[in-house]
Every structure is written in C-alpha cells, then in structure tokens.
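Asks: If you count the sequence shown from 1, position 42 lands on 41 in numbering that gives the first Met the number 0, and the numbers rise without skipping. Before I ask anything, here is the structure I am working with.
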Amino acid sequence: MSTLIHRLEPKGDFSVAVNRQQGYAILCGFGFEEDADRMAAIVRAKSSKRYGGWLGQRGVKLNGRTGKQIATFLLAPAGSASDR
0 MSTLIHRLEP KGDFSVAVNR QQGYAILCGF GFEEDADRMA AIVRAKSSKR YGGWLGQRGV
60 KLNGRTGKQI ATFLLAPAGS ASDR
C-alpha cells in the first residue's frame, strides 16, 4: 500500500498501519481528503463505518481483483492518465 500511495504523490502526509485486533486490516490515513479519494478510486473502496471516531472511512477487500487493479496502476507509466 505504501508503494501505491507514494506513486499517487499525495499532497499531504499519510500513514499506513496494520490492525490485527479485528482480523487483519490495512489502515491508511491521509492529511488531505483529495489524497484519500484518489486512493479509494484506484482500489474501488466503498464507504464504511467499521472504525468509530473517524470522519471518513472506506473499505475494500484485498483479493485477486483488487490486486490486479493495484498492479495495473503501478505498472502504468508514471504521469499517465491512470495516475490522476
């Protein structure tokens, strides 16, 4: 996930963590909503309210389909239309 986020060249700070308390979840936090929206668009995340106390949440299952979406994005030339 960190590689994907770096490729997106976020405008603000971000953080990635793994939560093992309720199963495995990769949590990504962004300083700017625009950065979070771009990441969500790449992985086709849906709105979620799983973790209380956060203003905006989205979730996605990491499966073969999601992996292909991420791989396609990462393999595209930097600066291509898929980066935006």
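Note that CB positions come from ideal geometry on N, CA and C, so glycine has one too. Treat the numbers as computed from the prediction; the structure is a model and nothing was measured.
What residue does the alpha helix (DSSP H) around SER1 start on, and which one ends it?
Replies: Start and end: 1 to 7.
Asks: Report the three-state DSSP secondary structure of LYS45 (helix, strand or coil).
Replies: Three-state result, LYS45: strand.
Asks: When we look at the beta-carbon of ILE25 and count the other beta-carbons within 10 Å, is it buried (16 or more) or exposed?
Replies: Exposed: under 16 other Cβ atoms inside 10 Å.
Asks: Do you know whose CA, among MET38, LYS10, GLY28, ILE69, lies nearest VAL17's CA?
Replies: Answer by Cα proximity: GLY28.
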